[in-house]
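Here's the structure, in structure tokens; my notes come after.
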Amino acid sequence: MSNTELEIVVDDPTAPEENSPAVVRTGVVDVVVSLLLLALALVLGWDNWRTGASWDSTGPQPGYFPFYLSVILGAASLYGLGAAFVSRREAAETFVTRAQFRRVLAVFVPTFLFCLATQYLGLYVASFLLIAGFMRLVGKIALWKSLLTAFVFTAAMFVTFDIAFDVIMPKGPLEAAFGY
Amino acid sequence: MEAFGLLLHGFAVLLTWKTLLLMMVGLVLGIFVGVLPGLGGPNGVAILLPLTFTMDPTSAIVMLSCIYWGALFGGAITSILFNIPGEAWSVATTFDGYPMAQQGRAAEALTAAFTSSFIGSLVAVLLITFLAPMISSFALKFGPPEFFAVYLLTFCSFVGLGREAKHKTVISMSLGLLLAGVGMDTVSGQLRMTFGSAELLRGINFLVAVIGLFGISEILLTMEERLALRGHAASISLRVVLSVWKDLPKYWVTLLRSSVIGCWLGITPGGAIAASFMGYNLAKRFAKDPESFGKGRIEGVFAPETAAHASGTAALLPMLALGIPGSGTAAILLGGLMVWGLNPGPLLFVEHKDFVWGLIASMYLGNVVGLVLVLTTVPIFASILRVPFAAVAPMIVVSCAIGAYAIQNAMFDIWLMLGFGVVGYVFKKIGIPLAPFTLALVLGSRAEDAFRLSMIGSGGDMKVFWSNGLVGTITTLAIVLLFWPVIDRAFAGVARLVRPAKA
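If you're matching them up, the sequences are chains A and B in order.
Numbers 1 to 180, taken from the numbering used here, label the letters of the first sequence in order.
Numbers 1001 to 1503, taken from the numbering used here, label the letters of the second sequence in order.
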């Protein structure tokens, strides 16, 4: 029987405030992205022109197909740039508020540090540090729970990938000390 | 009848304890990713793909497709109980599903959603069973111009029929096609767009891009939003299930119409989102009391769920028969096939019968097992949402990194994944669609090869794309679809002019 009188409630104590000021407007990001795409189209177009964007005795040269795609990308980006300047509605919309941006950085910075740590400490040590650190510092979860979850998850990943499925992950000094 | 015999062979391939176990694992993982905020079908399949690298192709694709079915089922749980559509195609389900839950009919709504998902998928799988071999044998007659015309049709229909701003779809698609060309040119062996980087010699693997674009960017987006959830708990009893099933014949028109819409939009790249909304809107339009929709009407759950699942499943038909995926998830599955050394397309049905028919059989079995599994485990999966996001988010990040690294054993790919995560976050927020990007990245080199071979064959004459009735029809259709919004507006204008004259 459906017991819908019960409610599942998950509260987020760190939810961003509703009235947080805007960091940047969508219209500005639209313009910046269009400019970056236009620059990318120019660079790739130039590189493909250099590689060879015409015909030789064997048919189209290697840069032929991507060169014309660069032209299409450039044209669409230019159109996007014009549309972003014309559109008043998008220009006024908030892309991200200060509170939201802080939360995005709270994920992005640890993820960046995790990638860096993976390069030098190996994936499993970096995973342990990321999970334990994130749960403790961002989620404010009890230290023992954070450490235990991180250890169990990392160990499960090691057993699943490195041992059971033979998918070898990057290792660091700790794994080397254990002979891996 | 030949298809029936081959399907039986597929069941024989499939019915081993190992495969059945993998099917169950896939379904559970799928429902798990479907329920978790910030994940969904394509993300789940992309992230869990490395698990299958060391399996044989049949086991691997069975597990992956079951993750997909599971994610499709799981999405309905959050839509109905929490009013949170896990995927865009679940939005229409919330219109009547959540009001039903509020009225104390959550179990009824969930049973309706799971059952209609099953019916939609079943119709699409039947279509695949009988149509795929015919299409693939027809496609064996295709040469490079025909293949390029079909790729062109896919790309053009994305631009012409997509709901997003046209220039944004073009940006997404051309960027994907360009990035697919990075690395060594397969024909001449010359390096392109590598700028002297040894890491870029391998090219940009589309799975790395997909993991970043979908997995990492979703984490960033989910974290940005408020994560306080308030929903209804539900458990489903046999009595509710049987009472919903007893009433099914009453809704046969809705179910059939939504199945047809779903199959059509799945085969053409209209997608599950368009299918679910179209299914819902048509059910409302043909209802005797359309004003009751949105207030907790069971047909409002049946219609979008049937259409979305028929579409999601039918999207596998062009992938298997032609090597052209009809959806983002189908594109990821296609990438998986390539990783295992299989070449999707017409020859797949000839060269790898066991694989193809094992997969098709798994679609039947996966749906039946999935339906039973979700009907019996709703409370467990709904309670997953109680796990703090601060614990789930880093685990997803680690899973993404493992997935990205495992594809080519390259540390650079982990950085690339992070970069694509940021790109995906920005693109999603400014409305640049990611599905055309994924599709273009997957099909880019094939489309280029087909184009170059056509051009070499014709000595550079573009008329090769109109050289016979078949290729000419497909190319013309592609151009019509590309300019469809303009043509549609022109028709509407003419109709407006003609109507007063008639009056």
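Backbone N, C-alpha and C fix where the C-beta goes; we use that ideal spot for every residue, glycine too.
### Message
Between the alpha carbons of B/Tyr1425 and B/Ala1012, how many angstroms are there, rounded?
### Response
Straight across, the Cα-Cα distance linking B/Tyr1425 with B/Ala1012 is about 44 angstroms.
### Message
Looking only at its chain, what residues have a beta carbon closer than 6 angstroms to the beta carbon of B/Ala1124, apart from the 5 residues adjacent to it on each side?
### Response
The residues are Cys1263, Ala1310, Thr1313 and Ala1314.
### Task
Would you list the one or two residues that DSSP bridges to A/Phe60?
In the sequence as presented, Phe is not what sits at residue 60 of chain A; that position holds Pro. Per DSSP, the beta-bridge partners of A/Pro60 are A/Trp55.
### Task
Figure out for me which residue from B/Gly1030, B/Leu1006, B/Ser1059 and B/Gly1075 has the closest Cα to the Cα of B/Lys1018.
Checked all of B/Gly1030, B/Leu1006, B/Ser1059 and B/Gly1075; the closest Cα to B/Lys1018 is B/Ser1059.
### Message
Which residues in chain B have a C-beta closer than 9 angstroms to the C-beta of A/Ser70? List them in chain order.
### Response
Those within 9 angstroms of A/Ser70 in chain B are Ser1174 and Leu1178.
### Task
Tell whether a beta-carbon distance below 9 angstroms holds between B/Ile1236 and B/Thr1129.
In this structure, B/Thr1129 does not lie closer than 9 angstroms to B/Ile1236 by Cβ.
### Task
Kindly give me the distance between the Cβ atoms of B/Ser1445 and B/Thr1186, rounded to whole angstroms, as I take these residues to be in contact under 8 angstroms.
Rounded, the Cβ-Cβ distance is 7 angstroms, consistent with contact.
### Query
Can you tell me the Cα-Cα spacing of A/Met1 and B/Val1028, whole angstroms?
Here the model assigns A/Met1 a pLDDT of 38, short of 50, so the residue's position is not dependable, and the following value carries that caveat. Their backbone Cα atoms lie some 23 angstroms apart in a straight line.
### Task
Starting from B/Val1091, trace the alpha helix (DSSP H) both ways and give me its first and last residue.
Start and end: Val1091 to Gln1102.
#### Entry: Closer than 9 angstroms to chain A by CB, B/Leu1191
Yes, because at least one Cβ of chain A sits closer than 9 angstroms to the Cβ of B/Leu1191.
### Query
Taking the runs of the beta strand (DSSP E) that are 3 residues or longer, which of them lie wholly in the region 73–136 of chain A?
Counting only runs of 3+ residues, the beta strand (DSSP E) found wholly inside the region 73–136 of chain A occupies 94–97, in chain order.
#### Entry: Contact set between A/Ile141 and chain B, taken where Cβ atoms lie within less than 9 angstroms
What A/Ile141 touches in chain B: Pro1388, Ala1390 and Ala1391.
### Task
Check whether the Cβ atoms of B/Leu1220 and A/Val104 lie closer than 9 angstroms to each other.
Taking 9 angstroms as the Cβ cut-off, B/Leu1220 and A/Val104 qualify as a contacting pair.
### Task
For B/Gly1044, write down the residues that DSSP places opposite it in a beta bridge.
The partner list for B/Gly1044 (beta bridge, DSSP) is empty, contrary to what the question assumes.
### Query
What is the DSSP secondary structure of B/Gly1266, counted as helix, strand or coil?
In this structure, B/Gly1266 counts as helix in the three-state DSSP scheme.
### Message
Which same chain residues end up closer than 6 angstroms to A/Leu81 when comparing Cβ atoms and leaving out the 5 residues on each side of it in sequence?
### Response
For A/Leu81, where only same-chain residues beyond five positions count, the Cβ hits under 6 angstroms are Ser34.
### Query
Hey, A/Gly27 and A/Ala92: beta-carbon distance below 9 angstroms or not?
Against a cut-off of 9 angstroms, the Cβ pair of A/Ala92 and A/Gly27 comes out as a contact.
### Three-state secondary structure (DSSP) of B/Leu1191
Residue state, collapsed to three classes: strand.
#### Entry: Paired residues, beta bridge with A/Ala22 - DSSP
Residue pairing for A/Ala22: DSSP places it in a beta bridge opposite A/Thr97.
### Task
Consider the Cβ of B/Ala1165: report whether some Cβ of chain A lies at a distance smaller than 9 angstroms.
It does: the Cβ of B/Ala1165 has a partner Cβ on chain A nearer than 9 angstroms.
### Query
Can the beta-carbon of B/Leu992 be found less than 9 angstroms from the beta-carbon of B/Leu1347?
Beyond the ends of chain B as shown, which are 1001 and 1503, falls residue 992 of chain B; an answer cannot be given.
### Any 3 or more C-beta pairs closer than 8 angstroms across the region 1246–1264 of chain B and the region 120–139 of chain A
Note that the region 1246–1264 of chain B does not touch the region 120–139 of chain A; fewer than 3 beta-carbon pairs, one per stretch, sit closer than 8 angstroms.
### 9 angstroms Cβ cutoff, A/Ala39 in contact with chain B
It does not; no Cβ of chain B falls within 9 angstroms.
### Message
Are there any heavy atoms of the ligand FMN lying less than 8 angstroms away from the beta-carbon of A/Met157, as far as the coordinates show?
### Response
No copy of the ligand FMN occurs in the structure displayed, which carries no ligand at all.
### Task
If I'm right that B/Gly1034 touches B/Phe1073 with Cβ under 8 angstroms, what's the distance once you round it to whole angstroms?
Contact flag correct, Cβ pair sits at about 6 angstroms.
### Query
Per DSSP, what kind of secondary structure is B/Met1184 in: helix, strand or coil?
The answer is strand: DSSP assigns B/Met1184 an E or B state.
### Query
Would you call the region 1480–1487 of chain B and the region 1137–1157 of chain B touching, i.e. three or more CB-CB distances under 8 angstroms?
Output reads yes: the region 1137–1157 of chain B touches the region 1480–1487 of chain B.
### Query
Using a Cβ-Cβ cut-off of 7 angstroms (strictly less than) and excluding sequence neighbours within five positions of A/Leu6, which residues of its own chain qualify?
Interpretation of A/Leu6 is limited by its pLDDT of 49, a score under 50 that renders its predicted location unreliable; the figure taken from the coordinates is listed afterwards. Taken in chain order, the list of residues that qualify is empty.
### Task
Note down, in chain order, each residue of its chain lying with its Cβ closer than 6 angstroms to the Cβ of B/Phe1142, except the 5 sequence neighbours on either side.
Taken in chain order, the list of residues that qualify is empty.
### Query
So what does DSSP say about A/Tyr180, is it helix, strand or coil?
Look at A/Tyr180 here: in three-state DSSP terms it is coil, with no helix or strand label.
### Query
Would you say B/Met1223 reaches chain C, if we count a Cβ-Cβ gap shorter than 9 angstroms as a contact?
Within the model displayed, chain C is absent; protein chains A and B are what it includes.
### Query
Between which two residues does the alpha helix (DSSP H) harbouring B/Arg1446 extend?
Following the DSSP letters along the chain, one finds B/Arg1446 inside the alpha helix (DSSP H) bounded by residues Ala1435 to Ser1458.
### Query
For B/Met1273 versus B/Met1417, is the C-beta spacing smaller than 9 angstroms?
Checking the displayed sequence, the identity of residue 1273 of chain B turns out to be Ile instead of Met. No. Outside cutoff.
### Message
Using only CA atoms, which one of B/Leu1175, B/Ala1492, B/Met1455 and B/Leu1470 lies nearest to B/Phe1138?
### Response
Looking at the Cα atoms, B/Leu1470 is the closest of the given residues.
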